[in-house]
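Visitor: This is the structure I have questions about; it appears just below.
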Amino acid sequence: MKRYEIIDQPIDVQKYSDLVLHPAAGAVTVFTGHVREWTHGVRTLYLAYDAYVPMAEKKLAEIGAEMEAKWPGVQVAMAHRIGELKISDIAVVIAVSSPHRKAAYEANEYAIERIKEVVPIWKKEIWEDGEEWIGAQKKYPEKGSES
Amino acid sequence: MKRYEIIDQPIDVQKYSDLVLHPAAGAVTVFTGHVREWTHGVRTLYLAYDAYVPMAEKKLAEIGAEMEAKWPGVQVAMAHRIGELKISDIAVVIAVSSPHRKAAYEANEYAIERIKEVVPIWKKEIWEDGEEWIGAQKKYPEKGSES
Amino acid sequence: MITVHYFARLRELTGKGEESLDRAPMTVEELLNWAEETYPGFGKETIHVAVNEEYALKDDVIQAGDVCAFIPPVSGG
Amino acid sequence: MITVHYFARLRELTGKGEESLDRAPMTVEELLNWAEETYPGFGKETIHVAVNEEYALKDDVIQAGDVCAFIPPVSGG
């Protein structure tokens, strides 16, 4: 079972929470990101996700390693789905276990922030009257800066 | 389907996340509290939970209402299990959906803190050489203070 | 009659889950004093009282027909 | 030869998922300039380059055999 993966099938949440559960885990947090019907007053029909799969899986694993370093004792499993997703489908799942709850919440929220920053995955929104690849404009990083 | 309940059977997590999912929900956080084998170096064999069931369900619902007031747009479902629980069993589940993720994390963490403060549920730890009902000492509330 | 419920440690101490009390009206404080006298080791200093499923203050008056519960420090989650 | 991958908007713009380029060695900046000239509207100002699955800086040199990818602003989650 892979703890960090990009998949083109519906996400089975239980699989990822099972991966992080162990006898010393007192808390498990599971975040799922879902396709929302309305964004800023515009109705989404469906989404399409593209990814650079091997690099995206590598970056997910790096984020997991960052989390284990920042919050000792946490265990992590994450997946992102690609392809066409309809309203309420799960795009991303983040499962974190920890001996105590505080770290489980903090590490989980850290993960989704980092995914949105560095993992090569792209979302296209398809509306009734158009479509667009979404992505914030970012300047090219200078030498030594964090990418 | 009840959104706030005390049950004496294993907790089916999916049921509670399904209860809060809807087309405007972009984020769902699910917290599960599990029986941990080791606490402060002492090995737990199993736990037993007791509750004042009708009041506990009422207090869970009140906490849910507090969350919906503090974080508009969130939806909440929560359950706590009573009876004997073995290592890794789920004692409590908190499912929160929200249009955006920040509120889903914050509201979820608020819920578990409040549960630990006001919901009449009691945990007994059973070790190899003894057992004890757990509970922090608290002074009786003064008039006008929050219970 | 007042119905009183016992949970957790108090259920084990008193050996009962509930009982009826023919002492209404009485205050919450009087109920706690009665419990402490009746069941040595009750520990009223750390116990709250719920009246009709709501936390009550020490001065609150319990009427006949009310359902009370002794609430030791909670430890859910 | 350098392999270059295109994703998302760039896959649609170029009409291809990948291609091979016989221009090694070249810097990341030179690769971005080549792409902008070859595919009008490429938008190199907002695009990062990954070399062998790691984000690269503009001065980094791409060697023959390297696998490159143009990374427009990500929007996962």
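Protein chains in written order, with the numbering used here: chain A, 1 to 147; chain B, 1 to 147; chain C, 1 to 77; chain D, 1 to 77.
Here a beta-carbon is modelled for each residue, glycine too, at the ideal position from N, C-alpha and C.
This one's a predicted model, so the numbers in the text were calculated from it and none came from an experiment.
1. Which residues of chain D have a Cβ atom closer than 8 Å to the Cβ of A:Ala-91, listed in chain order?
2. Strictly below 7 Å CB to CB, what residues from chain A border B:Ala-48?
3. Runs of 4 residues minimum, wholly inside the segment 93 to 142 of chain B: which ones carry the alpha helix (DSSP H) assignment?
4. Please name the residue or residues paired with A:Phe-31 in a DSSP beta bridge.
5. Which value, in whole angstroms, describes the spacing of the CA atoms of D:Arg-11 and D:Ala-69?
6. Between which two residues does the beta strand (DSSP E) harbouring D:Glu-53 extend?
7. Assuming contact is defined by CB atoms lying nearer than 9 Å, are B:Ile-126 and B:His-80 in contact in what I supplied?
8. In the segment 12 to 75 of chain D, which residue ranges form an unbroken alpha helix (DSSP H) of at least 4 residues, counting only runs that do not cross its ends?
9. Please list the terminal residues of the continuous beta strand (DSSP E) segment that includes B:Glu-68.
10. For chain C, is any of its Cβ atoms less than 9 Å away from the one on B:Lys-116?
11. Which word fits B:Val-119, buried or exposed, when buried means at least 16 other C-beta atoms lie within 10 angstroms of its C-beta?
12. Given that A:Ile-112 touches chain B, what residues does it touch there, using C-beta distances under 8 Å?
13. Helix, strand or coil: which one does DSSP assign to A:Trp-16?
14. Run down chain B in chain order and give the residues with a C-beta less than 8 Å from the C-beta of C:Phe-7.
15. For the beta strand (DSSP E) containing B:Tyr-4, name the first residue and the last one.
16. Relative to the C-alpha of D:Asp-66, which candidate in D:Asp-59, D:Pro-73, D:Glu-53, D:Val-74 has its C-alpha closest?
17. Consult DSSP for D:Ala-8 and reduce its assignment to one of helix, strand or coil.
18. Would A:Lys-138 count as contacting chain D if we go by Cβ distances under 9 Å?
19. Taking the Cβ atom as the reference point for each residue, do B:Val-92 and C:Gly-76 lie within a distance shorter than 9 Å?
20. Within the 9 Å Cβ cut-off, does A:Tyr-105 reach chain B?
21. Please decide whether A:Trp-133 counts as near chain B, where near means a Cβ-Cβ distance under 9 Å.
22. Name, please, each residue of chain A whose Cβ falls closer than 9 Å to the Cβ of B:Gly-33.
23. Any beta carbon from chain C within less than 9 Å of B:Val-13's own beta carbon?
24. Can you list the residues of chain A that B:Leu-19 reaches, using a CB-CB cut of under 7 Å?
25. Against B:Ile-87, what residues of chain A qualify as contacts under a CB-to-CB distance less than 8 Å, listed in chain order?
26. By the DSSP assignment, the beta strand (DSSP E) with B:Met-78 in it spans what residues?
27. Short of 8 Å in beta carbon distance, which residues of its chain neighbour B:Glu-68, apart from the five on each side in sequence? Order them along the chain.
28. Taking Cβ-Cβ distances shorter than 7 Å, what residues in chain D pair up with A:Lys-58?
29. Whole angstroms are fine: how far does the CA of D:Lys-16 sit from the CA of D:Arg-9?
30. Counting only the same chain and skipping the five closest in sequence on each side, list residues whose C-beta sits under 8 Å from that of D:Thr-27.
31. Can you find the residues in the same chain that come closer than 8 Å, C-beta to C-beta, to A:Glu-106, ignoring five residues on each side of it along the sequence?
32. Mind checking the segment 56 to 75 of chain D against chain A and listing, in chain order, the residues whose C-beta falls within less than 8 Å of any C-beta there?
33. For B:Trp-38, count neighbouring C-beta atoms within 10 Å of its own C-beta (all shown protein chains included) and say buried if the count is 16 or more, exposed if not.
34. Leaving aside the five residues before and after A:Lys-123 along the sequence, list all residues of the same chain whose C-beta is less than 7 Å from its C-beta, in chain order.
Guide: In brief:
1. Walking along the first sequence from the start, residue 91 of chain A turns up at place 91. What A:Ala-91 touches in chain D: Gly-76, Gly-77.
2. Counting from 1 along the second sequence, the entry for residue 48 of chain B is found at position 48. Here the premise fails: no neighbours, minimum Cβ distance about 17 Å.
3. 101 to 118
4. For the purposes of this step, residue 31 of chain A is taken as residue 31 along the first sequence, with counting starting at 1. BP columns for A:Phe-31 point to A:Ile-94, B:Thr-29.
5. For this step, residue 11 of chain D is matched to residue 11 along the fourth sequence. For this step, residue 69 of chain D is matched to residue 69 along the fourth sequence. Rounded to the nearest angstrom, the two C-alpha atoms are 11 Å apart.
6. Taking the first residue of the fourth sequence as position 1, residue 53 of chain D is located at position 53. Looking at the DSSP string, D:Glu-53 is not in any beta strand (DSSP E), and its letter there is neither H nor E.
7. Taking the first residue of the second sequence as 1, we reach residue 126 of chain B at position 126. Taking the first residue of the second sequence as 1, we reach residue 80 of chain B at position 80. No, these two residues do not count as a Cβ contact at 9 Å.
8. 28 to 38
9. Here residue 68 of chain B is taken as the residue at index 68 of the second sequence, counted from 1. Taken as a continuous stretch (DSSP letters only), B:Glu-68 belongs to no beta strand (DSSP E), being part of the alpha helix (DSSP H) at 53 to 70.
10. For the purposes of this step, residue 116 of chain B is taken as residue 116 along the second sequence, with counting starting at 1. At least one chain C Cβ lies under 9 Å of B:Lys-116.
11. Here residue 119 of chain B is taken as the residue at index 119 of the second sequence, counted from 1. Buried, by the Cβ-count rule.
12. Taking the first residue of the first sequence as position 1, residue 112 of chain A is located at position 112. Neighbours of A:Ile-112 on chain B, chain order: Arg-101.
13. Residue 16 of chain A sits at position 16 when you count from the first residue of the first sequence. At residue 16 of chain A the sequence reads Tyr, which differs from the Trp that was named. A:Tyr-16: helix per DSSP, three-state reduction.
14. On the third sequence, residue 7 of chain C is found 7 positions in, with the first residue counted as 1. Residues of chain B passing the Cβ test: Asp-50, Ala-51, Tyr-52, Pro-120, Trp-122.
15. Position 4 of the second sequence, counted from the start, is the residue given in the question as residue 4 of chain B. Bounds of the beta strand (DSSP E) holding B:Tyr-4 are 4 to 7.
16. What you label residue 66 of chain D is simply residue 66 of the fourth sequence in a count that begins at 1. It is D:Glu-53.
17. One-based indexing of the fourth sequence puts residue 8 of chain D at position 8. In the structure shown, D:Ala-8 sits in a helix (DSSP, three-state: H, G or I).
18. Along the first sequence, read from residue 1 onward, the residue named residue 138 of chain A stands at position 138. Bear in mind that a pLDDT of 48 at A:Lys-138, under 50, signals an unreliable position, so the number given afterwards is only what the model happens to contain. It does: the Cβ of A:Lys-138 has a partner Cβ on chain D nearer than 9 Å.
19. Locating residue 92 of chain B in the second sequence gives position 92, counting from the first residue. Locating residue 76 of chain C in the third sequence gives position 76, counting from the first residue. For B:Val-92 and C:Gly-76, yes; Cβs fall inside 9 Å.
20. Here residue 105 of chain A is taken as the residue at index 105 of the first sequence, counted from 1. Interface residue, yes.
21. Counting from one through the first sequence, the residue named residue 133 of chain A turns up at place 133. Chain B contact via Cβ: absent.
22. Within the second sequence, numbered from 1, the residue matching residue 33 of chain B stands at position 33. What B:Gly-33 touches in chain A: Gly-26, Ala-27, Val-28, Arg-101.
23. Along the second sequence, read from residue 1 onward, the residue named residue 13 of chain B stands at position 13. No, B:Val-13 does not count as interfacial toward chain C.
24. Indexing the second sequence from 1 puts residue 19 of chain B at position 19. By Cβ distance, chain A contributes nothing, its closest Cβ being about 13 Å from B:Leu-19, past 7 Å.
25. Position 87 of the second sequence, counted from the first residue, corresponds to residue 87 of chain B. Those are Pro-23, listed as they occur along chain A.
26. In the second sequence, counting from the first residue as 1, residue 78 of chain B sits at position 78. It spans 75 to 81 - the beta strand (DSSP E) in which B:Met-78 sits, taken as one unbroken run.
27. Taking the first residue of the second sequence as position 1, residue 68 of chain B is located at position 68. Counting only Cβ-Cβ distances below 8 Å, and skipping sequence neighbours, we find Val-74, Gln-75, Val-76.
28. As a first step, residue 58 of chain A must be located in the first sequence, where it is residue number 58. Those within 7 Å of A:Lys-58 in chain D are Glu-53.
29. If you number the fourth sequence from 1, residue 9 of chain D lands on position 9. If you number the fourth sequence from 1, residue 16 of chain D lands on position 16. Roughly 11 Å between the two C-alpha positions.
30. Sequence index remark: in the fourth sequence, residue 27 of chain D carries index 27 (1-based). Its chain contains Lys-58, Asp-59, Asp-60, Val-61, Ile-62 as the residues whose beta carbon lies nearer than 8 Å to that of D:Thr-27, once the 5 sequence neighbours on both sides are disregarded; these appear in chain order.
31. In the first sequence, residue 106 of chain A corresponds to position 106, counting from 1. Answer for A:Glu-106: Trp-71, listed in chain order.
32. Leu-57, Lys-58, Asp-59, Ala-69, Ile-71, Pro-72, Pro-73, Val-74, Ser-75
33. In the second sequence, counting from the first residue as 1, residue 38 of chain B sits at position 38. Exposed, by the Cβ-count rule.
34. Start at 1 with the first residue of the first sequence, and residue 123 of chain A comes out as number 123. Hits under 7 Å: Leu-47, Tyr-49, Ile-134.
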